[in-house]
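Respectively, the protein sequence lines represent chains A and B. In case it helps, our numbering puts the first sequence at residues 1 to 118. In case it helps, our numbering puts the second sequence at residues 1001 to 1110. All C-beta atoms in this analysis are idealised placements derived from N, C-alpha and C, irrespective of residue type, glycine included. The structure under discussion appears below in the form of structure tokens.
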Amino acid sequence: GAVVSQHPSWVICKSGTSVKIECRSLDFQATTMFWYRQFPKQSLMLMATSNEGSKATYEQGVEKDKFLINHASLTLSTLTVTSAHPEDSSFYICSALSPLAGGIDTQYFGPGTRLTVL
Amino acid sequence: AQRVTQPEKLLSVFKGAPVELKCNYSYSGSPELFWYVQYSRQRLQLLLRHISRESIKGFTADLNKGETSFHLKKPFAQEEDSAMYYCALSPGGSQGNLIFGKGTKLSVKP
């Protein structure tokens, strides 16, 4: 089946530093990937849609200069949290879109990255 | 506004009992609806989608446009069904731009 990986699985950083999170589709190519954020005991909130070779589309309220997304290849999208602050501490989850048999697209999710900003 | 509501944060049932996880949505068009499941320490995975009209692991869900609901049901719960269940809506008809409910934690007791 389609597998999506994320690296790192958890990261702790100091306030003011930048952190990069990678999302890879391991056995399929994904022209579209998504980045979600999940606060404790809350649902996943879509942050942005990442399209290979073009600029990401950000959801309302998400600062594109703070959450930099780069989808440089069909198997890799990166999310960089710039000048991180404690309020950016969260669980970040990516997904990759892949067509199932029959042509129906399905999102496959990564395991998530726990970011803690001190 | 597009919204998915799962009114129950926690649902606890005994093994063998029927289970129904509620999901209501708000969307003016024709949405595509999904149920995702997240087992302990595992990633989110697709359980089923309304367009497929399938039964996965004994679970079914019927889209009721009149009641704008997409409740997830299983006649006989098993302990291995214990997990977080998320209802999600895709306004575009594909799986882009998923809007998730807050999730219901299902606990099946022996």
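Report task. Output the boundary residues of the beta strand (DSSP E) element that contains ASN1024(B). Result -> 1024 to 1026
Query raised in the report: Straight-line CA distance for HIS71(A) to PHE1100(B)?
Result: 24 Å
Query raised in the report: Going along chain B, which residues have a C-beta under 7 Å from PRO111(A)?
Result: ARG1043
Query raised in the report: What in chain A is Cβ-close to PHE954(B), meaning under 9 Å?
Result: A question about residue 954(B) goes unanswered here, because the residues of chain B that appear run from 1001 up to 1110.
Query raised in the report: Is the distance from the Cβ of GLU59(A) to the Cβ of THR31(A) below 7 Å?
Result: no
Query raised in the report: If we count the other Cβ atoms within 10 Å of its Cβ and call it buried at 16 or more, is GLN1042(B) buried or exposed?
Result: exposed
Report task. Inspect the beta-carbon positions of THR75(A) and SER18(A) and report whether they are closer than 7 Å. Result -> no
Query raised in the report: Between the stretch 1059 to 1079 of chain B and the stretch 1016 to 1028 of chain B, are three or more C-beta pairs nearer than 8 Å?
Result: yes
Requested in this report: Identify the continuous beta strand (DSSP E) that holds TYR1039(B) and give its terminal residues.
Outcome: Looking at the DSSP string, TYR1039(B) is not in any beta strand (DSSP E), and its letter there is neither H nor E.
Query - ASP105(A), DSSP secondary structure in three states - result: strand
Query - Backbone CA spacing between TRP1035(B) and PHE91(A) [nearest angstrom] - result: 21 Å
Requested in this report: Spell out whether any CB of chain A is found under 7 Å from the CB atom of PHE1100(B).
Outcome: yes
Report task. Measure how close the beta-carbons of MET33(A) and SER50(A) come, nearest whole angstrom, since I'm counting them as under 8 Å. Result -> 4 Å
Query - First and last residue of the uninterrupted beta strand (DSSP E) at PRO40(A) - result: No beta strand (DSSP E) contains PRO40(A), which DSSP labels as neither H nor E.
Query raised in the report: Does any C-beta atom of chain A lie closer than 7 Å to the C-beta of GLY1029(B)?
Result: no
Report task. Could you tell me which chain D residues have their CB closer than 8 Å to the CB of GLN42(A), listed as they occur along the chain? Result -> Annotation note: the requested chain D is absent from the structure, which comprises protein chains A and B.
Query - Selection from ASN1097(B), PRO1110(B), SER1082(B) that minimises the alpha carbon distance to LEU1089(B) - result: ASN1097(B)
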